[in-house]
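Visitor: One structure is given below, represented as structure tokens, and several questions about it will come after.
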Amino acid sequence: MVHLSASLLTLNGKSLDHLRLRLNDIELATDKFSETCYIGSGGYGMVYKGELDHFDGMDSLKIEEKNKGEFRKKHSCVAIKRLHNRVDTQGEQGFVSEIETLSNCKHPNIVSLLGFCDEGHELILVYEYVAKGSLDDYLGNMDGMTNLVWAQRLQICLDIAHGLNYLHTHIEGKPMIIHRDIKSANILLDDNWVAKIADFGLSKLQRANQQGTTLITNNIAGTEVYLDPEYKNTGKLKKESDIYSFGVVLFEVLCGRLAYDEIYSGGGLPSIARQCFNEGTLKGMVDPKLMEADEIISLLKGGVNQDSLETFSKIADQCLEETQSRRPTMEVIIKELEKALNFQVSNLFQNVTSLFVK
1 MVHLSASLLT
11 LNGKSLDHLR
21 LRLNDIELAT
31 DKFSETCYIG
41 SGGYGMVYKG
51 ELDHFDGMDS
61 LKIEEKNKGE
71 FRKKHSCVAI
81 KRLHNRVDTQ
91 GEQGFVSEIE
101 TLSNCKHPNI
111 VSLLGFCDEG
121 HELILVYEYV
131 AKGSLDDYLG
141 NMDGMTNLVW
151 AQRLQICLDI
161 AHGLNYLHTH
171 IEGKPMIIHR
181 DIKSANILLD
191 DNWVAKIADF
201 GLSKLQRANQ
211 QGTTLITNNI
221 AGTEVYLDPE
231 YKNTGKLKKE
241 SDIYSFGVVL
251 FEVLCGRLAY
261 DEIYSGGGLP
271 SIARQCFNEG
281 TLKGMVDPKL
291 MEADEIISLL
301 KGGVNQDSLE
311 TFSKIADQCL
321 EETQSRRPTM
331 EVIIKELEKA
341 LNFQVSNLFQ
351 NVTSLFVK
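For the sequence shown, position 290 matches number 290 in UniProt numbering, and the numbering has no gaps at all.
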């Protein structure tokens, strides 16, 4: 049995041995990584679904406890990410980065890391299973996003915003975290449509003594169409880089299409959305499934309230400012998204009530 590094047992002085899982248990849970357990893949590797015993996620942050037996165990359905062969240095870096980041996090809008395995040539990460897949599955999919009315989409955006605000905040025992790859494919949805930020392989941590500083990176990382232009051009990485990426996701949710959809030429969705917003023609880009012509159908499906649309569009546009310093803070974004949701819910209640009064 060969482990990646003994340092993983005491990452930044904190014991993580309670998160280490045996390869035999993982192989048993996935029927040795059979096709019947396979649920998805990406550039990082393959993802499988299985059931196994792991340490309770509610206890996973109590890493000051030294005795492994003091952590409660739990048996549940999990997502098992099997990374490509560990000879890939970048894969190893992402593996360690994900463990380092998520072992510091506990938030309802951040996917929970339940364990890892680094036996032999394997690099495996085990997460809570999030049943409804990723947000991008419901964008541009007539059988997917149809189920999500405007109020639901707003709540999903608020969930992501709360998760980002948590990541960007220094809390005792948790550094500030820049995700670096916020996109709809990295937003997972659970059974209740609660959104959870996932995939922290590219994330960067900023300790309390580094607060207020700018991280300079030589290797620009992220997904092209979601990438902060200032970071891309200068290598200066700040939490505002995540805010730009989030702005792209906001417009994806509004338009019901992925940012790299072939209908968006040139700079993709961000540049076209900003242009339409400034020209006052953004309504033409709104997902037609949200703009029902029939009044009663529109009310029952939660058609978009105009005040809600304008509030949402304005804050999404501000997130896409070219300059990092001009973008809003997560606190402001949350406030505006809450306002947009309140407009929508209040208007829907009033209109549905009026149908019965008539």
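Don't be surprised by glycine CBs; every beta carbon is placed ideally from N, CA and C.
Would you please state the rounded distance, in angstroms, between the beta carbons of C105 and K174? I believe it to be under 8 Å.
Guide: Going by Cβ atoms, the distance from C105 to K174 rounds to 7 Å, so yes, they are a contact pair.
Visitor: Under a three-way DSSP split, which group does M330 fall into?
Guide: Helix at M330.
Visitor: Three or more C-beta pairs closer than 8 Å, one from the stretch 90-102 and one from the stretch 121-129: is that the case here?
Guide: Verdict: yes, contact present.
Visitor: Return the residue from the list D53, Q324, G280 and F343 that minimises the CA-CA distance to V304.
Guide: Checked all of D53, Q324, G280 and F343; the closest Cα to V304 is F343.
Visitor: Along the alpha helix (DSSP H) that carries F251, what are the first and last residues, could you check?
Guide: K239 to C255 is the span of the alpha helix (DSSP H), which, as asked, contains F251.
Visitor: Could you check which residue in Q275, I243 and S308 has the C-alpha nearest to that of V332?
Guide: Of the candidates Q275, I243 and S308, the one whose C-alpha sits nearest the C-alpha of V332 is I243.
Visitor: Buried or exposed, going by whether 16 or more other CB atoms sit within 10 Å of the CB of K239?
Guide: Looking at its Cβ environment, which holds 16 or more other Cβ atoms inside 10 Å, K239 is buried.
Visitor: Please classify K66: is it buried, with 16 or more other beta-carbons within 10 angstroms of its beta-carbon, or exposed?
Guide: With a pLDDT of 43 at K66, under the threshold of 50, the predicted position of this residue should be treated as unreliable, and no value is reported.
Visitor: Counting only runs of 3+ residues fully inside the stretch 175-220, write out the beta strand (DSSP E) ranges in chain order.
Guide: Segments of the beta strand (DSSP E) lying fully in the stretch 175-220: 176-178, 187-189, 195-197 and 204-206.
Visitor: With 16 as the cutoff for other CB atoms within 10 Å, does C283 come out buried or exposed?
Guide: Correcting the residue type first, residue 283 is Lys in the shown sequence and not Cys. Exposed, by the Cβ-count rule.
Visitor: According to the Cβ coordinates, are L164 and M46 closer than 8 Å?
Guide: It is not a contact, given that the beta carbons lie outside the stated cut-off.
Visitor: Using the three-state DSSP reduction, which class does A82 fall into: helix, strand or coil?
Guide: Contrary to the premise, residue 82 reads as Arg rather than Ala in this sequence. Looking at R82 - three-state DSSP - the assignment turns out to be strand.
Visitor: Return the Cβ separation of D136 and A185 in integer angstroms, given the expectation that the two are a contact with Cβ distance under 8 Å.
Guide: Going by Cβ atoms, the distance from D136 to A185 rounds to 4 Å, so yes, they are a contact pair.
Visitor: Using CA atoms only, rank isn't needed, just tell me which of S112, A151, R82 and L139 is closest to L23.
Guide: Cα-wise, what sits closest to L23 is R82.
Visitor: Any contact of the stretch 218-226 with the stretch 154-164, i.e. 3+ C-beta pairs under 8 Å?
Guide: Judged by Cβ distances under 8 Å, the stretch 218-226 makes no contact with the stretch 154-164, as fewer than three pairs qualify.
Visitor: Does the contact criterion of 3 or more C-beta pairs under 8 Å hold for the stretch 319-328 versus the stretch 227-238?
Guide: Yes, the stretch 319-328 is in contact with the stretch 227-238.
Visitor: I need the straight-line Cα distance from D199 to L113, nearest angstrom please.
Guide: About 10 Å.
Visitor: Mind checking which residues open and close the beta strand (DSSP E) that includes G115?
Guide: Looking at the DSSP string, the run of the beta strand (DSSP E) that includes G115 is L113 to C117.
Visitor: With 16 as the cutoff for other CB atoms within 10 Å, does T311 come out buried or exposed?
Guide: Under this definition T311 is a buried residue.
Visitor: What are the boundary residues of the alpha helix (DSSP H) that includes I160?
Guide: Taken as a continuous stretch (DSSP letters only), the alpha helix (DSSP H) holding I160 covers W150 to L167.
Visitor: Near L21, which residues of its chain fall below 8 Å by C-beta distance, leaving aside the five closest residues on each side in sequence?
Guide: Answer for L21: L52, H54, G115, F116, C117, I124 and V126, listed in chain order.
Visitor: With a CB to CB cut of under 6 Å and the five nearest residues on each side skipped, what residues in its chain are close to D25?
Guide: Excluding sequence neighbours, D25 sits near L52.
Visitor: Return the CA-CA distance between F251 and P270, expressed in angstroms with no decimal places.
Guide: Their backbone Cα atoms lie some 8 Å apart in a straight line.
Visitor: For H18, does the three-state DSSP call read helix, strand or coil?
Guide: Three-state DSSP puts H18 in a helix.
Visitor: Rank L215, F246, G247 and V248 by C-alpha distance to the C-alpha of G235 and give the top, closest one.
Guide: The residue with the shortest Cα to Cα distance from G235 is L215.
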